[in-house]
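Down below is the structure, laid out as structure tokens.
In the working numbering, the protein residues as written are 4 to 110.
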């Protein structure tokens, strides 16, 4: 199997992009951060990115928006009360399963 020259170009561009995304913040923030605003902003970035990736998937992975909403509400409620991630995931999955079973039974 031969690899086209454009593949190597794409690979080099993506490798450079990935490297720069990791290098630029390290170069910008060499010293200890003293600005509280920047520190608090960077503190919440991982949570925002994780939410942006997970929340859309939650509503499109089940058979209906109703069971997805039920799972989301249950997961939010269980997490609010301080349970661990496996417990939150298990409760959410169980609630979606029950909701889908009821939906299949009624339809």
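Here a beta-carbon is modelled for each residue, glycine too, at the ideal position from N, C-alpha and C.
Just so we're clear, the structure is a prediction, and the values are computed from it rather than from any experiment.
Exercise. How is residue 53 classed by DSSP in three states: helix, strand or coil?
Worked result: Residue mapping note: residue 53 aligns to position 50 of the chain shown, counting from 1. Of the three classes helix, strand and coil, the one that applies to residue 53 here is helix, per DSSP.
Problem set entry | Within 9 angstroms, strictly: CB atoms of residue 81 and residue 67 | In the chain shown, residue 81 corresponds to position 78, counting from 1. In the chain shown, residue 67 corresponds to position 64, counting from 1. Not closer than 9 angstroms, so no.
For this session: In the DSSP assignment, find the alpha helix (DSSP H) that holds residue 25 and state where it starts and stops.
Result: Position 22 of the chain shown, counting from 1, holds the residue named residue 25. For residue 25, the enclosing alpha helix (DSSP H) begins and ends at 8 to 31.
Problem set entry | DSSP state of residue 34 mapped onto helix, strand, coil | On the chain shown, residue 34 is found 31 positions in, with the first residue counted as 1. Here residue 34 sits in coil by DSSP.
Exercise. Taking just the CA atoms, how far does residue 38 sit from residue 90?
Worked result: The sequence position of residue 90 within the chain shown is 87, counting from 1. The sequence position of residue 38 within the chain shown is 35, counting from 1. Whole-angstrom Cα-Cα distance: 37 angstroms.
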